[in-house]
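Protein sequences, first through last, are from chains A and B.
Residue 0 is where the first sequence starts when you use numbering that gives the first Met the number 0, and the numbers rise one by one after that.
Residue 0 is where the second sequence starts when you use numbering that gives the first Met the number 0, and the numbers rise one by one after that.
Yeah, the Cβ is synthetic: ideal placement off N, Cα and C, and Gly gets one too.
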Amino acid sequence: MMKPMITSLTLTLTIMSAGTAFAVDKDFTQINSKIDAMVAKSFPAGEGQDLSRLKQDETQKKCSVRANKPTATEAAEIMARERASIKYPESGNLMGDWKKGEKLVKSGFGMRIGVIEPDPVAKQKGGNGGNCYACHAISPKEVAAGNIGNSLVGYGKTRGTSAEIIQYTYDKIYNAQAFMPCSNMPRFGHNGIITAQQVADITAFLLSPESPVNQ
Amino acid sequence: MKKSLLSLTVVALSGLMTGNAFAEPSVDAYRAQLADKDANPGLIIIEEGGDYFKAKAGPKNVSLEKCDFGLGAGVLKGAYAQLPRYFKDTDRVEDLESRLVSCMVNLQGFKREEIIDRKKIFANQRKKQENTRLEAMAAYVAYQSDGMKIKPGSTHAKEKEAIALGEGLFWRRHGTMDFSCASCHSEDGKRVRLQPLVNAYNSHDIQATMTTWPTYRVSHNVVRNNQHRMWDCNWQMRLPDIEYGSDAAVALIAFLTKQAEGGTLNIPGMKR
């Protein structure tokens with residue numbers, strides 16, 4: 000169960016995603032160092048700031064200068080790198096507790112910083128949320144759903160709960176760019192927004208037959 | 000008197016908005032609903048902004064009436080419509096708010112660091128504070144361009160550079176969420192939850208946006224301006240606080256304004 004490369008699934012999904020191509024064709028390679036310099040000047044250090052967030056990793060850099068349309072070679076590099084970063088819960092069980100997952104999917108709490116309106120540390124108890132409804136319809140009970148990502152209503156019902164699907168769903172939430180380079184979906188596990196166990200809980204929420212997602 | 004008018008309008012508006020929350024949200028319908036300008040509480044703040052603008056203030060005890068927004072000292076009519084632009088005296092591209100700060104420094108003798116102090120520059124919506132003087136003055140100056148067409152400076156080398164860097168920054172992905180502005184503002188018909196998102200590459204969309212800032216934000220109870228919107232979206236992106244009037248904030252505004260060129264200003268706007 001650990002890391003079988005599900006190449007055929009990956010391939011189909013990548014081709015599917017190519018259909019939702021980004022509308023804008025741009026390249027900022029030439030001016031990128033100037034953009035970096037401008038950013039460095041415009042976010043001064045100080046109380047409540049975390050300037051390390053402005054430092055880009057290789058994937059963020061590539062996606063930025065290519066306006067989310069990497070070349071084929073770059074795309075392959077990104078997917079390989081992001082796939083290699085995926086970590087799993089100690090139990091090895093990728094289907095966690097869907098009820099915990101339900102809460103995480105809903106919560107938009109966490110990681111806002113600065114002096115004006117940071118997320119209060121005192122409320123941090125449950126950890127960060129996944130804020131999935133910002134971008135996806137998921138449970139039919141939640142009407143206030145965004146549409147940056149596709150609808151996930153009935154996700155488990157339509158796909159079933161094969162080992163491959165469980166693995167894909169876990170991996171996708173942990174690191175969306177393992178499947179779609181420069182996806183607009185945050186790399187939740189990779190970036191440390193939520194833990195591996197929480198990714199498994201959310202996986203269960205999407206897949207479990209008892210979950211409201213599949214009613 | 001002022002207060003009761005204000006809260007009345009706000010109650011009416013928020014009722015309107017929650018009532019509509021589950022209808023299919025169309026950007027245009029949403030905007031039309033909020034377009035009754037005579038009832039816009041922002042007009043009161045604009046009036047206050049005018050009083051502040053004309054009042055003597057600062058170590059030099061002068062008003063801002065001699066401030067040059069690009070059309071000559073003291074010319075306000077149409078000034079906002081041609082911002083951001085390059086200014087020789089400061090040797091940089093400035094938008095409305097950064098230009099106001101420059102005038103407060105150069106004419107009135109205020110210290111820049113003091114004006115743009117992160118803790119003072121915005122009225123705190125959580126604490127229900129009233130508009131800052133600077134926010135009110137920006138709204139006042141912008142209002143003198145109401146009905147005019149947006150035509151920012153885009154011929155000077157530094158103006159071209161600000162627009163280009165602004166667009167590059169618009170696509171720069173950073174922070175724990177991997178967001179860039181483009182994650183949310185580069186496709187048609189997208190929403191975060193139920194909030195419609197402007198597509199900066201759709202001229203109808205971006206004109207509707209940029210022609211209606213400064214805007215009365217119902218959820219904040221105050222008038223907000225472009226610099227605040229830049230801070231707000233950067234905060235949502237889980238980034239550190241972008242500096243008020245910084246090159247990055249001005250470049251983003253220069254890019255967005257250029258995208259909206261030709262749109263007719265309709266100020267003050269009214270938004271969520």
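Notebook entry, point to check: What do you get for Gly126/A, buried or exposed, if any count of 16 or more other CB atoms within 10 angstroms of its CB means buried?
Noted result: What you label residue 126/A is simply residue 127 of the first sequence in a count that begins at 1. By the 10 Å Cβ count, Gly126/A comes out exposed.
Notebook entry, point to check: Just checking my contact of Gly69/B with Arg91/B at CB under 8 Å: how many whole Å lie between their CB atoms?
Noted result: Taking the second sequence and counting its residues from 1, one reaches residue 69/B at position 70. Taking the second sequence and counting its residues from 1, one reaches residue 91/B at position 92. Between the beta-carbon of Gly69/B and that of Arg91/B there is about 13 Å, and that puts the pair past the 8 Å contact cut.
Margin query: Just checking: is the beta-carbon of Met94/A within a distance shorter than 7 Å of some beta-carbon in chain B?
Written below: Position 95 of the first sequence, counted from the start, is the residue given in the question as residue 94/A. No Cβ of chain B is located within less than 7 Å of the beta carbon of Met94/A.
Notebook entry, point to check: Near Trp212/B, which residues of its chain fall below 7 Å by C-beta distance, leaving aside the five closest residues on each side in sequence?
Noted result: By 1-based counting over the second sequence, the position of residue 212/B is 213. Excluding positions up to five away in sequence, the list reads Asn224, Asn225, Arg228, Gly268.
Item checked: is_contact[Glu96/B, chain A] using C-beta, thresh 7 Å -> By one-based count along the second sequence, residue 96/B stands at place 97. Not closer than 7 Å to any Cβ of chain A, the Cβ of Glu96/B fails to qualify, so no.
Notebook entry, point to check: Which two residues bound the contiguous alpha helix (DSSP H) that contains Phe294/B?
Noted result: With chain B covering only 0 through 271, there is no way to say anything about residue 294/B.
Note to self: Residues in the same chain with beta-carbon distance under 8 Å from Thr210/B, minus the five sequence neighbours each way, listed in chain order, please.
What the structure shows: Counting from 1 along the second sequence, the entry for residue 210/B is found at position 211. The residues are Ile149, Ala259, Gly262, Thr263, Leu264, Asn265, Ile266, Gly268.
Notebook entry, point to check: Can you tell me whether Arg125/B is buried or exposed, with buried defined as 16 or more other CB within 10 angstroms of its CB?
Noted result: Taking the second sequence and counting its residues from 1, the one referred to as residue 125/B is at position 126. By the 10 Å Cβ count, Arg125/B comes out exposed.
Item checked: Within chain B, the residues that Arg111/A reaches when beta carbons sit closer than 8 Å -> For the purposes of this step, residue 111/A is identified with residue 112 of the first sequence, where counting begins at 1. Among the residues of chain B, those whose CB is under 8 Å from the CB of Arg111/A are Trp234, Gln235, Arg237, following chain order.
Next item on the list: Kindly identify the DSSP beta-bridge partner or partners of Tyr85/B.
Entry: Here the question's residue 85/B lines up with position 86 in the second sequence. Answer is Val92/B, bridged to Tyr85/B.
Notebook entry, point to check: Which whole-angstrom value is the C-beta distance of Ala71/A and Trp170/B, which I expect to be below 8 Å?
Noted result: Along the first sequence, read from residue 1 onward, the residue named residue 71/A stands at position 72. Along the second sequence, read from residue 1 onward, the residue named residue 170/B stands at position 171. Not really, about 20 Å apart at Cβ, beyond 8 Å.
Notebook entry, point to check: How would you label Ser32/A, buried or exposed, when you count the other beta carbons within 10 angstroms and need 16 or more for buried?
Noted result: Position 33 of the first sequence, counted from the first residue, corresponds to residue 32/A. With fewer than 16 Cβ atoms within 10 Å of its Cβ, Ser32/A is classed as exposed.
Next item on the list: Rank Tyr132/A, Asn213/A, Ser150/A by C-alpha distance to the C-alpha of Ala144/A and give the top, closest one.
Entry: The residue given as residue 144/A occupies position 145 in the first sequence. That would be Tyr132/A, whose Cα lies nearest to the Cα of Ala144/A.
Check: Taking only beta-carbon atoms, is Gly145/A less than 7 Å away from chain B?
Finding: Along the first sequence, read from residue 1 onward, the residue named residue 145/A stands at position 146. Closer than 7 Å to some Cβ of chain B, the Cβ of Gly145/A qualifies, so yes.
Note to self: Which of the three DSSP states is assigned to Val64/A in this structure?
What the structure shows: Numbered from 1 along the first sequence, position 65 holds the residue referred to as residue 64/A. Val64/A: helix per DSSP, three-state reduction.
Checklist line | Residues from the segment 199 to 214 of chain B in contact with chain A, defined by Cβ distance under 8 Å | finding: Tyr200
Margin query: My assumption, with CB atoms under 8 Å, is that Tyr167/A sits in contact with His189/A. Please give the rounded CB distance.
Written below: Here residue 167/A corresponds to residue number 168 of the first sequence, with the count starting at 1. Here residue 189/A corresponds to residue number 190 of the first sequence, with the count starting at 1. Incorrect: roughly 16 Å between the Cβ atoms, too far for contact.
Next item on the list: Run down chain B in chain order and give the residues with a C-beta less than 7 Å from the C-beta of Asp49/A.
Entry: Taking the first sequence and counting its residues from 1, the one referred to as residue 49/A is at position 50. Result: Pro239.
Item checked: Contact with chain B by Ala39/A, beta-carbon distance below 7 Å -> One-based indexing of the first sequence puts residue 39/A at position 40. Closer than 7 Å to the CB of Ala39/A there is not a single CB belonging to chain B.
Next item on the list: Check Ser6/B in the structure and name its three-state DSSP category.
Entry: For the purposes of this step, residue 6/B is identified with residue 7 of the second sequence, where counting begins at 1. With a pLDDT of 40 at Ser6/B, under the threshold of 50, the predicted position of this residue should be treated as unreliable, though the coordinate-derived value follows. If DSSP states are grouped into helix, strand and coil, Ser6/B belongs with the helices.
Notebook entry, point to check: Is the beta carbon of Asp177/B sitting closer than 7 Å to the one on Arg186/A?
Noted result: By one-based count along the second sequence, residue 177/B stands at place 178. By one-based count along the first sequence, residue 186/A stands at place 187. Yes, these two residues count as a Cβ contact at 7 Å.
Item checked: Reference Gly146/B, options Asp50/B, Glu186/B, Gly77/B, closest by Cα -> Within the second sequence, the letter at position 147 stands for residue 146/B. The option with the nearest alpha carbon to Gly146/B is Gly77/B.
Check: For Ala247/B, does the three-state DSSP call read helix, strand or coil?
Finding: For the purposes of this step, residue 247/B is taken as the residue at position 248 of the second sequence. In this structure, Ala247/B counts as helix in the three-state DSSP scheme.
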